[in-house]
Amino acid sequence: MRTLKGFLPSHEEDATEEELLQLQGERVNIEGDHENEHLKSEAKAEKEMKRLRELLSIADDAARVTEQHNLKLERAWRFTAALEDISSPYEELYNQKSPSQILTALRTSYVKNSEDFCKEVRQFNISPTEIMVSYDVKDLFTSIPITYTLGVLDDLLVADTNLRHRTNLNPFHIRTLVSFCMKEGNYFRFQDSFFLQNSGAPMGSPLSPVLAEIFMEHLEDKAFNNMNAACVPRLFKRYVDDIFAVVETGKEELFLEYLNSLFPNCISFTIEKETRNRLPFLDALVIRSPGKLKTTVYRKPTHSDRYLHFASHRSRPVMTGIIRGMVDRAVSICDAEYLEAELTHIKRALYNNGYPASLVSSVIRRRVNMPKVTRPREQGPLVVLPYYVGLAVEFLRFDVHTLYVSIGTYAEIKTNMMDPSSNLSSSY
1 MRTLKGFLPS HEEDATEEEL LQLQGERVNI EGDHENEHLK SEAKAEKEMK
51 RLRELLSIAD DAARVTEQHN LKLERAWRFT AALEDISSPY EELYNQKSPS
101 QILTALRTSY VKNSEDFCKE VRQFNISPTE IMVSYDVKDL FTSIPITYTL
151 GVLDDLLVAD TNLRHRTNLN PFHIRTLVSF CMKEGNYFRF QDSFFLQNSG
201 APMGSPLSPV LAEIFMEHLE DKAFNNMNAA CVPRLFKRYV DDIFAVVETG
251 KEELFLEYLN SLFPNCISFT IEKETRNRLP FLDALVIRSP GKLKTTVYRK
301 PTHSDRYLHF ASHRSRPVMT GIIRGMVDRA VSICDAEYLE AELTHIKRAL
351 YNNGYPASLV SSVIRRRVNM PKVTRPREQG PLVVLPYYVG LAVEFLRFDV
401 HTLYVSIGTY AEIKTNMMDP SSNLSSSY
């Protein structure tokens, strides 16, 4: 192009008008091609940067929403954290690392979960003269006698010698705060009107399950400390207000009457007896065989086997998580003789919900053969991202398994996002 530019002035006088126009046109075409290539390069770079900015903007927005949400949760849980340290039966849920005296969940009747329950009942030898029954409190949360339970809480706090090592609040302060949350602060707004719950604990409050466990364990202590020895169940397991018991046949109704006499003005128990040697408890079905109890997964008669369809707008880890959850439950609950039938049921249900047979079989094989003891995995920084088609593909390189994703450094994100081999329009 430089040669052409020099050629034109030097031959301007010798060249005809037609030749000059032809040479100038060639120069314009060459310069235009060069400019077009430059514009295309800039447009491509701008497109890549725009995509990076969009992805980082989504991450920033999600992080900001998460921070606001966590701030609200922190305010709601700030007080209850002190109470959880000393009284919650779910201490593992709140990541308690150091040993502490837990005032509830100390009785042998305490049931942690379905797996824990099944392990214990399998070791029990049942007599032909005994019957399996379950008892349940009607509307427990809204039936809890709050004033009475606050007195029980106060006694537990005063007796806790380690309380001062876990919180600066003394028993009086904790009791006063709980009382305020359950009484004065127990209101809601609906259509410009305010309503105050005048009895029981509110559904959805973080304090309600804590107080429910405190009250039910106190009820259990009261029941067994004053019970006629002839009515005492030989097996008694309790998960909050759900009770599984093995008693002498004919005494199950007598035990029900006794339970209902403990707090007759607020607490009412119902009973369910075994039918055809079977009794459901939690999500397990206890099956009576000669001298022993066996377990398998329980589904209500109204259960439809409808799960999140594989064609739904959800990421692949969500789909595989559904399969893992169903298989893990089967492995933890089912006796060996019932496991294969349960896995067959799971496969059929998942096939009907569009899950590929290869994926289902692969997950089942891995979960069934998975070692019982797993090594803890280091967890990096977390950020919550909503699922968006194609976005998950971009973050797969950052160890993304659920909506909670581990994010690398900005440089790593930028490097991977600018990778021309990635396809934002694809999904997995």
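If you read the sequence shown in the UniProt record's numbering, its first letter stands for residue 1, the second for the next number, and so on.
For each residue, glycine too, the CB sits at the ideal point set by N, CA and C.
Please read these numbers as outputs of a predicted model, since none were measured by experiment.
Distance from the CA of Y298 to the CA of P280, rounded to the nearest whole angstrom, comes to 6 Å. By the C-beta density criterion, K237 is buried, having at least 16 other C-beta atoms within 10 angstroms. Following the DSSP letters along the chain, one finds V158 inside the alpha helix (DSSP H) bounded by residues I146 to A159. Shown here for L235: same chain residues with a beta carbon closer than 7 Å to its own, the five before and five after excluded, namely F124, A245 and V246 in chain order. Bridge partners of M132 according to DSSP: V246. Around the CB of N186, 16 or more other CB atoms lie within 10 Å, so the residue is classed as buried. In the three-state DSSP reduction, Y351 falls in the helix class (H, G or I).
F269 is positioned such that its CB atom lies closer than 8 Å to that of D136.
Taking all protein chains in view, the Cβ of H218 is crowded by 16 or more other Cβ atoms within 10 Å, so the residue is classified as buried.
At a Cβ-Cβ threshold of 8 Å, F215 and T149 count as neighbours. Under DSSP, P280 shares a beta bridge with L285.
A residue is called buried once 16 or more other Cβ atoms fall within 10 Å of its Cβ, and G200 is buried on that count. In the DSSP assignment, F188 falls within the beta strand (DSSP E) that extends over Y187 to F190. Secondary structure note for L235: its beta strand (DSSP E) is the uninterrupted segment L235 to Y239. When Cβ pairs closer than 8 Å are counted between the two stretches, the segment 289-305 is seen to touch the segment 322-339, the count reaching three or more.
The DSSP-derived three-state label of Y307 is coil. Less than 8 Å divides the Cβ of F263 from the Cβ of P145. The continuous stretches of alpha helix (DSSP H) do not include K251, and DSSP gives it neither H nor E. Residue state for I346 is assigned as helix, using DSSP reduced to three classes. In its chain, beyond the 5 residues on either side, F117, K237, R238 and Y239 have a beta carbon closer than 7 Å to the beta carbon of V111.
Distances from the alpha-carbon of I126 to those of P171, T249 and T167 put T249 closest.
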